[in-house]
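*Asks:*
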Amino acid sequence: MENLFTPSVNIERGLSPMQLATKLNGELNATIGRTRICGPAEPGPSLAIMNEILHLSEVHYQIRRAWHTQPASSLQQDFAATLQQWQDALPSYLRLAPENFEYHQERLSLRRYAFMHLLQLHLRHLLLFKQLEWPPTIHSTATRDPSAVEAYEHASRITSIVNWLWHTSQLEMHNASFGQIVTIAQVIHIHRLLSSTDADTINSTQSEITALQEYLLRCLIDLLHDLDA
Numbered sequence: 001m002e003n004l005f006t007p008s009v010n011i012e013r014g015l016s017p018m019q020l021a022t023k024l025n026g027e028l029n030a031t032i033g034r035t036r037i038c039g040p041a042e043p044g045p046s047l048a049i050m051n052e053i054l055h056l057s058e059v060h061y062q063i064r065r066a067w068h069t070q071p072a073s074s075l076q077q078d079f080a081a082t083l084q085q086w087q088d089a090l091p092s093y094l095r096l097a098p099e100n101f102e103y104h105q106e107r108l109s110l111r112r113y114a115f116m117h118l119l120q121l122h123l124r125h126l127l128l129f130k131q132l133e134w135p136p137t138i139h140s141t142a143t144r145d146p147s148a149v150e151a152y153e154h155a156s157r158i159t160s161i162v163n164w165l166w167h168t169s170q171l172e173m174h175n176a177s178f179g180q181i182v183t184i185a186q187v188i189h190i191h192r193l194l195s196s197t198d199a200d201t202i203n204s205t206q207s208e209i210t211a212l213q214e215y216l217l218r219c220l221i222d223l224l225h226d227l228d229a
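For the sequence shown, the UniProt record's numbering assigns the number 229 to the last residue and increments by one with no breaks.
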């Protein structure tokens with residue numbers, strides 16, 4: 001279970017929420033120079049997004065502290081409402097919507113916008129992970145546990161964001177938090193794969209796993225290229 005959390009959260013157990021947020025933000029800022037789209041970010045969207053990332057980082061910190069002391073149902077009850085309230089309070093231009101990807105791409109704030117939503121989906125995964133059945137058993141779609149269905153939906157959204165980043169902007173991310181987000185999403189995809197007998201579901205899930213693996217490989221190759229330069 002420790003591996004569900006980023007190195008920043010695992011190692012720095014004494015960090016305050018603000019210190020943790022600053023550390024996670026530093027990981028994100030380390031990727032700014034590694035993009036095929038160069039130029040200064042618009043201050044408006046970027047500052048607003050960073051404020052939301054700081055808030056989500058504090059929620060991440062709180063989930064980490066509660067992880068070993070609260071049962072799965074209590075963890076879900078305590079933090080799911082917090083994340084829903086956060087989502088409901090977002091201004092329209094920060095919500096997860098196809099038109100907003102284009103909006104932030106034009107303003108060079110796409111990387112932060114995407115990371116913000118990847119992080120919030122990851123937090124939802126953390127809340128649901130304890131409720132998943134391990135090892136997975138085969139279920140029909142009609143009898144599948146609602147927590148598993150929700151986790152699968154979040155994993156598919158993460159894959160969609162990653163695909164959009166690459167296929168429309170060729171943007172990459174190189175930080176531990178992003179790697180952890182994608183790794184957990186792949187675990188959720190594998191859970192779905194192992195618990196399904198539907199051919200279409202199996203094929204689409206395999207495609208999503210492959211897409212995430214290929215994206216991580218591209219990020220690694222690009223990072224190694226930068227280190228050799």
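Think of the CB as a built atom: it goes at the ideal place given N, C-alpha and C, for glycine as much as any other residue. The structure displayed is predicted, hence computed values, not measured ones.
Is N163 helix, strand or coil by DSSP?
*Replies:* Sequence index remark: in the sequence shown, residue 163 carries index 163 (1-based). Reduced to three states, the DSSP call for N163 is helix.
*Asks:* For H122 versus I181, is the C-beta distance shorter than 8 Å?
*Replies:* Here residue 122 refers to the residue found at position 122 when the sequence shown is read from its first residue. Here residue 181 refers to the residue found at position 181 when the sequence shown is read from its first residue. Yes, these two residues count as a Cβ contact at 8 Å.
*Asks:* Could you tell me the alpha carbon to alpha carbon distance between S97 and E133, rounded to whole angstroms?
*Replies:* For the purposes of this step, residue 97 is identified with residue 97 of the sequence shown, where counting begins at 1. For the purposes of this step, residue 133 is identified with residue 133 of the sequence shown, where counting begins at 1. Residue identity differs from the one stated: residue 97 is Ala in this sequence, not Ser. Those two C-alpha atoms are separated by around 31 Å.
*Asks:* Just verifying my parser: in three-state terms, what is the DSSP assignment at A97?
*Replies:* Here residue 97 refers to the residue found at position 97 when the sequence shown is read from its first residue. Reduced to three states, the DSSP call for A97 is coil.
*Asks:* For F101 versus L110, is the C-beta distance shorter than 8 Å?
*Replies:* For this step, residue 101 is matched to residue 101 along the sequence shown. For this step, residue 110 is matched to residue 110 along the sequence shown. In contact: F101 and L110 (Cβ atoms closer than 8 Å).
*Asks:* Assuming I158 and A185 make a contact with CB atoms under 8 Å, what is their CB distance in whole Å?
*Replies:* Residue 158 sits at position 158 when you count from the first residue of the sequence shown. Residue 185 sits at position 185 when you count from the first residue of the sequence shown. Rounded, the Cβ-Cβ distance is 4 Å, consistent with contact.
*Asks:* For I209 and S195, what's the separation of their Cα atoms in angstroms?
*Replies:* As a working mapping, residue 209 is identified with position 209 in the sequence shown. As a working mapping, residue 195 is identified with position 195 in the sequence shown. So the two alpha carbons sit approximately 15 Å from each other.
*Asks:* Start and end of the alpha helix (DSSP H) containing A86?
*Replies:* Residue numbering aside, residue 86 sits at position 86 when the sequence shown is read from its first letter. The residue you asked about is not Ala; residue 86 is Trp in the sequence shown. Per DSSP, W86 belongs to the alpha helix (DSSP H) from 72 to 89.
*Asks:* Run through DSSP, which three-state label would S195 get?
*Replies:* Residue mapping note: residue 195 aligns to position 195 of the sequence shown, counting from 1. DSSP places S195 in coil when its eight states are reduced to three.
*Asks:* On the CB-based measure, 16 or more other CB atoms within 10 Å of its CB, does L56 come out buried or exposed?
*Replies:* Reading the sequence shown from its first residue, position 56 is the one you call residue 56. Buried.
*Asks:* Helix, strand or coil for T168 per DSSP?
*Replies:* Numbered from its first residue, the sequence shown carries residue 168 at position 168. Correct three-state label for T168: helix.
*Asks:* Are the beta-carbon atoms of P146 and H104 separated by less than 8 Å?
*Replies:* Translated into positions along the sequence shown, residue 146 becomes position 146. Translated into positions along the sequence shown, residue 104 becomes position 104. The answer is no: Cβ separation not under 8 Å.
*Asks:* By a C-beta neighbour count over all protein chains shown, 10 Å radius and 16 as the cutoff for buried, is T205 buried or exposed?
*Replies:* Taking the first residue of the sequence shown as 1, we reach residue 205 at position 205. That one is buried.
*Asks:* Given that a residue counts as buried once 16 or more other Cβ atoms are within 10 Å of its Cβ, and exposed if not, what is I37?
*Replies:* Sequence index remark: in the sequence shown, residue 37 carries index 37 (1-based). Because the pLDDT of I37 is 38, which lies under 50, any placement of that residue in the model is unreliable, and the number read from its coordinates should be weighed accordingly. That one is exposed.
*Asks:* Grouping DSSP H, G and I as helix and E and B as strand, with all else coil, what is D200?
*Replies:* Residue numbering aside, residue 200 sits at position 200 when the sequence shown is read from its first letter. Taken through DSSP and simplified to helix, strand or coil, D200 comes out as helix.
*Asks:* Determine the contact status of H154 and H125, defining contact as a CB-CB distance below 8 Å.
*Replies:* By one-based count along the sequence shown, residue 154 stands at place 154. By one-based count along the sequence shown, residue 125 stands at place 125. A distance below 8 Å separates the beta carbons of H154 and H125.
*Asks:* With a threshold of 16 other CB atoms inside 10 Å of the CB of G33, please say whether the residue is buried or exposed.
*Replies:* As a first step, residue 33 is located in the sequence shown; it is residue number 33 there, counting from the start. With a pLDDT of 40 at G33, under the threshold of 50, the predicted position of this residue should be treated as unreliable, though the coordinate-derived value follows. Burial call: exposed.
*Asks:* In chain order, what residues of the same chain have a beta carbon less than 8 Å from the beta carbon of Q213, not counting five sequence neighbours either side?
*Replies:* The count along the sequence shown starts at 1 and reaches residue 213 at position 213. Here the set comprises Q186.
*Asks:* On the CB-based measure, 16 or more other CB atoms within 10 Å of its CB, does L127 come out buried or exposed?
*Replies:* Reading the sequence shown from its first residue, position 127 is the one you call residue 127. Flag for L127 reads buried.
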